[in-house]
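For reference, the structure is listed below as structure tokens.
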Amino acid sequence: MILRSVCVLVAVATLAIPSAVVAGQNPQIPRAADGKPDLSGVWQAATTANWNLLPHAAEKDVPAGLGVVEGNEIPYNAAAAAQQRQNFANRAQADPETRCFLPGVPRIMYMPFPFQIFQTPGHIAMAFEYVHAVRRIFLNTPHPEGPIEWWMGDSRGRWEGDTLVVDVVHFTNQTWFDRTGNFHSEGLHVVERYTPIGPNHIHYEATIEDPNVFTRPWKISFPLYRRLEKGIRVLDYECYAFGLERTWYKPTE
Amino acid sequence: MIRCRPFLPVLALGSLLAGAAVDAQQEAPAVPYTPPRTPDGQPDIQGIYNPVGTFYNIEDLEYQSLYQQFKPNPAMRGRSLIIDPPDGKIPFQPWAAEKRKPIYELHLDPPPDWVDPNAQCWPQGVPRHVNNREFEIFQPPGHVVIFNLAHHTYRVIPVDGSPHIPGNIKLWVGDSRGRWEGNTLVVDVTNNNDQTWFDVMASFHSDELRVTEHFTPVSRDRIEYRAVMTDPKVYTRPWTFAIHFNRNKEPGVEVWEEACVEANRKNIDLLERPGR
Amino acid sequence: MRRAVIIAVALVTLGAPAAAQSIGRTPDGRPDLSGIWQAINTAGVNILPHHAEPDMPAGLGVVEGNEIPYNPSAAAKQRENYANRAKLDPVNKCFLPGVPRATYMGFPFQIVQTPNQVTILYEYAHTVRNVFMNSPHPKGPIEWWMGDSRGRWEGDTLVVDVVHFNDQTWFDRAGNHHSEALHVVERYTPIDRDHLSYEVTIEDPKVFTRSWKMSMPLYRRIDRNMQILEYECAAFEEAFNLAGPR
Amino acid sequence: MTHRTLGGILAAVGVAISLGSITVAGQADRWIPSKLADGQPDMQGHWISDAVGGAHSVEDGRDPDADVIQGRVGERNPLIIVAPPDNRIPYTPAFAARRQQLLRDIFTPVRPEHVDPHVRALLDGVPRNGYVPGGMQFLQAPRSVMILYESNHAWRFIPLDGRPHAPQSLKLFMGDSRGRWEGNTLVVDVTNFNEDTWLDSHGSIHSDALHVVERWTLVGPTRIQYEATLEDSKAFSRPWKIAFAVNRRPDKAYEIFEDSRWEGERAVTPILEVGRKDKAAGVTGIHEHKRGGR
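Chains as they are written, first to last, in my numbering: chain A, 1 to 253; chain B, 254 to 529; chain C, 530 to 775; chain D, 776 to 1069.
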């Protein structure tokens, strides 16, 4: 009888844990069947980094932002700094986003659109609302041999404790980091770290390396928010098709 | 050499279709197949598949090639991927048949407004999404996700009993909600926009299109696929389209990025218009 | 056995009001709503379900039942507003956005809470609302852009009654509108430490045939060093040109 | 009446000033303000600055000629600049020249930036928001002070928790405020200004290097002594100071009502029309007025 009552207690205590832990410093992280943190769900960044990674005042249709770059500085080499200034001057035409191109990594992570993470033990996929971009993150496998130039790069992941670490290479030199012309070459190497900090937040960090463009690696970080709206799903934003709609279906009058 | 897969729809399609249609009409194995289960209990049909069909002309398999590779195959004359109605034709309402006729006739050299939407890198819609190029079925808990090699398009199919989104939101690949009936995945697709075709032949529909799909695995490496199209604005009756998918058994194969808008010069010109 | 059950029940009781335990509280025992919040949705584009347009992402909508019960003439006005929205939307002229639009414009806002006054500071156009607790609305007629807000606590919910609006603001960029008879009741309920449930009841007998509701979660902005900045859009040349001559 | 008028606000200012002046300086030392739960001296309530006229010209106060026109002869018009002793902003040569040009442009304005940002319904910035017409409310939440200005529904949130300023490259109209208490004095360090605000209507400009240190000292139940040091390595040759009293509004039930400034802005277009016409007609001149402060 004593044994049985203990079992009841344990069961109840387990049920009660989530509410108690949420308030403390050791937040409950949802876990997948294999014991890894479960990152699946619909997420979105709330930063203004897509307009400018660095601190910036507001402009028309551009909210001000504190920036997401550690140290508030991007360590361009001299030639690259000049290129960035030129990009900035020509940004209305030159930003690949104005052509609705795939935005690359890490930019896709802070586009102001939701995305959904799907997770199985060997394979994590991300489906983005913005131009139906996808990222496939294969775990514990090597990058295919290059040279390869992909808009979204090639992502390979591994778990370090509760952090999903994703190594991304094989980029084009065609994508920018933001609308102010911050850029990279095809030598870009991104290491992302996804660390759940509670049931509804992921701390996202990316280390950016590109010896052709930067004098040293640099870091960005920001939280990802789980979208909690009822029935939330990723919709579509097929921006290259805007304004090109056809009227095939209309009955002739 | 750069190992990215170029956007070459014409060539890729040509090679894919060689002999494809013959396979399309073969009978499925008679022995019932029970797939293994995923950790959340779904029949596991994950893998990379190639559709055995055509998105050139779903009504007439004599014409299997595109554009400059045009080679009619008289052996397939009169055969169709449409199994209902029995004549294998899309049951267009008269006005719609009229509207389609000139686009159909000019498809080899279409004026800009009559170019196949898919050739403009627009998402394929359903069922063309699985009647196109190689695709991957991925089954994370509660979902079936389909990634298509072509244009990196994807479909998310919740199989958790969740309801459709509000009806007035129209999407390029619609809103899919699935359920498992035995080993068959049944998907109800609503919220389709009116911008996609089922093939190159102006086989259009309205935004009232509803598609009911059946994915039935009949062996480890083969899925039979049926789709019933209902659209009271455009068709006189529902019609059914049938193809099957063969597993890509190449060890370690992955579906890799294929950019479309980004790599297609013609489309870039189309994008040069006022406003973002 | 019986004792065990009693203990178990006690634990369940402790564990049950999950939100109530995990939310912060002020010294007077009220939920502490202070902090920087933001709606992460597309209600600012259109409070109803909508597909994407340039710079306007698609959204599932925030209106209960996905329908706004306009009377016929108000429905016609909405269509006209929509057709001319680039020119007519008061937000394109940088005007104060009204309530509840200020909540879901896509900019963060900060709640500063004291026992007698809850003040909401919005980044967009340095909009501010003072919610006076347990006091009556001043006598009208008054027409303010942001209305007059009076609050009270109902359990853990901050209920804000807002009247004295003008007829110049919209609910979204899609031309959904109201008259000066608008009456808004907002309900801010903590879900947990980092999320509020925001529910709004809208009433306006001149425009709607019945009252209707919208709801959405609000997210605490936990970004490092988060603070409210400025979106002083009256300073943008374009706003100036759009607004004048008047 | 559906809108409170500026006249009403000014009348209230008058009442507050006469009451505020009762406070005797000697009482300040003995007076101990009550403390809030987090230990802050309680400065909550509604206040009005005594610096009427400062908004017109920090250096000169209101123009006596304008006072005649506006029927304000005999009203207080204190100077708020207390250092340097000549009551002049110590502009660097470059900024003195820039300001001189601005005073000409104010005379014949052809571009919006030739018009006082206050008239253009922009935020007034710091410290100007403290001496434009209209009062202010202090609200104190734990480890923070908030100032709600009546004018143009401007506000400042001042964290007291020791957090660092926002990155320097980020420029704001109201700047970035960080506060701390030194006894009964709230010291606020304000940085991150943009160049778009003026310190008064007389074109007293500053650069984006402006750094303001404000000292709000509670000297009695109804009075705050305000002092601000302004330094700006680009615009000023040395730091300078303004000071004025801020008095508690006697009406305890007072509430700040909405001041929707931009929504009702109708002045700038005609000002520019006249300016452009004058400029086209070859009119030149400089914005100036008599020294009225005392």
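Here a beta-carbon is modelled for each residue, glycine too, at the ideal position from N, C-alpha and C.
Because the structure is a prediction, the values reported are computed rather than measured.
- For T648 of chain C, no alpha helix (DSSP H) segment is defined; the enclosing uninterrupted segment is the beta strand (DSSP E) at Q646 to Y651.
- Distance from the Cα of E728 of chain C is smallest, within the candidate group C:N575, C:V592 and C:K616, for C:V592.
- At a C-beta separation below 9 Å, L625 of chain C has these neighbours in chain D: H928, E1033, S1035, W1037 and E1038.
- With respect to the 8 Å criterion, E1033 of chain D and W673 of chain C are classified as neighbours on the basis of their beta carbons.
- I807 of chain D counts as exposed, since fewer than 16 other C-beta atoms from the protein chains shown sit within 10 angstroms of its C-beta.
- Scanning C:T643, C:K622 and C:W699 for the CA closest to the CA of D61 of chain A turns up C:K622.
- Any Cβ of chain C closer than 8 Å to the Cβ of L424 of chain B would place that residue at the interface, and such an atom is present.
- Of the candidates C:E683, C:N570, C:L650 and C:P598, C:P598 places its Cα closest to the Cα of H707 of chain C.
- Under the Cβ distance rule, G704 of chain C does not count among the residues neighbouring chain B, no pair being separated by less than 8 Å.
- With contact defined as three or more Cβ pairs closer than 8 Å, the segment 925-945 of chain D and the segment 832-842 of chain D are not in contact.
- Annotation: the segment 574-611 of chain C contains no complete segment of the beta strand (DSSP E) (minimum length 3 residues).
- DSSP places A763 of chain C outside any beta strand (DSSP E), giving it a letter other than H or E.
- Listed by position along chain C, the residues whose Cβ is nearer than 8 Å to that of H201 of chain A are D723 and I751.
- In the structure shown, the three-state DSSP call for H201 of chain A is strand.
- A Cβ-Cβ separation of about 6 Å places Y237 of chain A in contact with F113 of chain A under the 8 Å criterion.
- Collapsing the DSSP output to three states places S472 of chain B in a strand.
- Within the same chain, Cβ atoms closer than 6 Å to the Cβ of A80 of chain A are found at V213, the five residues on either side in sequence being excluded.
- H396 of chain B sits in a strand when the DSSP states are folded into three classes.
- Using beta-carbon distances, A916 of chain D counts as an interface residue toward chain C, with a partner under 8 Å.
- At a cut-off of 8 Å between beta carbons, T180 of chain A makes no contact with chain B.
- Secondary structure note for V1043 of chain D: it is in no beta strand (DSSP E), and the uninterrupted alpha helix (DSSP H) holding it is V1043 to A1055.
- When C-beta atoms of the segment 415-435 of chain B are compared with those of the segment 366-381 of chain B, three or more pairs fall below 8 Å, so the two segments count as touching.
- The beta carbon of Y651 of chain C is closer than 6 Å to those of A631 and F638 in its chain, skipping five residues each way along the sequence.
- Judged by DSSP secondary structure, K219 of chain A falls within the beta strand (DSSP E) whose first and last residues are W218 to R226.
- The segment 656-673 of chain C and the segment 754-767 of chain C do not touch, with fewer than three beta-carbon pairs separated by less than 8 Å.
- Proximity of L758 of chain C to chain A, defined by a Cβ-Cβ separation below 8 Å, is satisfied.
- S221 of chain A and L54 of chain A have their C-alpha atoms roughly 12 Å apart.
- Per the C-alpha coordinates, the member of C:R750, C:P734, C:L625 and C:E732 positioned closest to Y653 of chain C is C:L625.
- Using a 10 angstroms sphere on the CB of T1059 of chain D, the tally of other CB atoms stays under 16, which defines it as exposed.
- Under a criterion of Cβ atoms nearer than 7 Å, the residues of chain D adjacent to S563 of chain C are, in order, A916.
- Secondary-structure assignment with DSSP links Y866 of chain D through a beta bridge to D:F1011.
- In the structure shown, the three-state DSSP call for N401 of chain B is strand.
- The continuous alpha helix (DSSP H) containing P839 of chain D extends over residues P839 to I844.
- Q607 of chain C is classed as buried because its beta carbon has at least 16 other beta carbons within 10 Å across all chains shown.
- Residue contact check for M921 of chain D against chain C: a CB pair falls below 8 Å.
- In this structure, Q845 of chain D lies away from Q915 of chain D, with their beta-carbon atoms at least 8 Å apart.
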